[in-house]
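S.K.: From first to last, the protein sequence lines stand for chains A and B. If you're matching positions, the first sequence starts at 1 in the working numbering and goes up one per residue. If you're matching positions, the second sequence starts at 114 in the working numbering and goes up one per residue. All C-beta atoms, glycine included, are put in the ideal place defined by N, C-alpha and C. Predicted model only: the values in this text are computed from it and were never measured.
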Amino acid sequence: ETGVTQSPTHLIKTRGQQVTLRCSSQSGHNTVSWYQQALGQGPQFIFQYYREEENGRGNFPPRFSGLQFPNYSSELNVNALELDDSALYLCASSRTGGGNTIYFGEGSWLTVV
Amino acid sequence: AQSVTQPDIHITVSEGASLELRCNYSYGATPYLFWYVQSPGQGLQLLLKYFSGDTLVQGIKGFEAEFKRSQSSFNLRKPSVHWSDAAEYFCAVGPNYGQNFVFGPGTRLSVLP
Chain A
1 ETGVTQSPTH LIKTRGQQVT LRCSSQSGHN TVSWYQQALG QGPQFIFQYY REEENGRGNF
61 PPRFSGLQFP NYSSELNVNA LELDDSALYL CASSRTGGGN TIYFGEGSWL TVV
Chain B
114 AQSVTQPDIH ITVSEGASLE LRCNYSYGAT PYLFWYVQSP GQGLQLLLKY FSGDTLVQGI
174 KGFEAEFKRS QSSFNLRKPS VHWSDAAEYF CAVGPNYGQN FVFGPGTRLS VLP
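(1) Does the beta carbon of F216(B) come closer than 7 angstroms to any beta carbon on chain A?
(2) Going by beta carbon distance, what residues of the same chain come within less than 7 angstroms of L169(B), once the five residues before and after it are set aside?
(3) Under three-state DSSP, which class holds L157(B)?
(4) For Q18(A), which residues in the same chain have their Cβ closer than 6 angstroms to its Cβ, ignoring the five residues on either side in sequence?
(5) If distances are taken between C-alpha atoms only, which option among Y210(B), S139(B) and E201(B) comes closest to S223(B)?
(6) For F45(A), return the contacting residues in chain B, with the cut-off set at a CB-CB distance below 8 angstroms.
(7) Exposed or buried, K181(B), counting other C-beta atoms within 10 Å across all chains shown (16 or more means buried)?
(8) Using a Cβ cut-off of 7 angstroms (strictly closer), state whether K191(B) contacts chain A.
(9) What are the start and end residues of each continuous beta strand (DSSP E) run of 3 or more residues lying completely inside the region 37-86 of chain A, in chain order?
(10) Taking C-beta pairs closer than 8 angstroms, name the residues in chain B that G56(A) reaches, listed in chain order.
(11) Using a Cβ-Cβ cut-off of 6 angstroms (strictly less than) and excluding sequence neighbours within five positions of L134(B), which residues of its own chain qualify?
(12) Among Q44(A), D84(A), N59(A) and Q68(A), which residue has its Cα nearest to the Cα of V32(A)?
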């Protein structure tokens with residue numbers, strides 16, 4: 001049990017639509033990040049939020065955006081969905097001074113048709 | 114460039130046999146190294162981590178890993194594999210601050226009865 005919960009677990013969207021994925025981390029975890037894991041591949045870093053500000057981003061276009069809230073929850077938003085966006089989206093969190101160990105949620109499976 | 118390679122895509126071992134999963138990394142700074150395990154349809158569970166100190170680290174479920182700076186390697190080992198160890202294993206390297214980890218492509222472990 002990592003204390004990181006994600007919703008929804010599965011969803012199907014149509015190309016061109018927008019999607020919002022949600023994550024709730026445990027108290028004290030003030031850093032959250034999102035990863036994309038395509039089928040058969042390792043996770044890829046999308047971005048990181050610390051104290052409600054984005055402070056790190058991987059090689060993903062601006063249509064991938066996020067929010068972090070004061071209650072340790074966060075969102076990943078993807079606009080103009082493409083077929084290649086089909087993947088498992090993982091939320092991870094960590095606390096300051098935690099030895100930089102990140103804890104993952106179970107993920108949200110997104111299928112774009 | 115930061116990268117992680119896991120040379121073995123798929124490994125099959127018999128239950129009770131020993132196991133070694135290989136991981137090599139390329140990282141510009143002092144690496145923080147991790148091994149995660151992922152069961153089908155699940156998120157990532159941390160097995161062990163290396164930050165500094167003793168180069169042989171112990172993790173959960175009887176796993177251990179050895180950091181070899183000269184070989185840029187962080188191989189995962191287990192002396193006796195159990196059927197429940199069948200899963201996907203990911204090696205990752207990260208900074209001393211932040212969650213922008215770089216993951217390898219994973220090694221799928223199958224266990225024969």
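M.R.: In terms of the structure at hand:
(1) When Cβ-Cβ separations below 7 angstroms define contact, F216(B) makes contact with chain A.
(2) E177 and E179
(3) Reduced to three states, the DSSP call for L157(B) is coil.
(4) Counting only Cβ-Cβ distances below 6 angstroms, and skipping sequence neighbours, we find N79.
(5) E201(B)
(6) Q212, N213, F214 and V215
(7) exposed
(8) no
(9) 44-50, 53-57, 64-68 and 73-78
(10) G211, Q212 and N213
(11) L189, Y202 and T220
(12) Out of Q44(A), D84(A), N59(A) and Q68(A), Q68(A) has the C-alpha closest to the C-alpha of V32(A).
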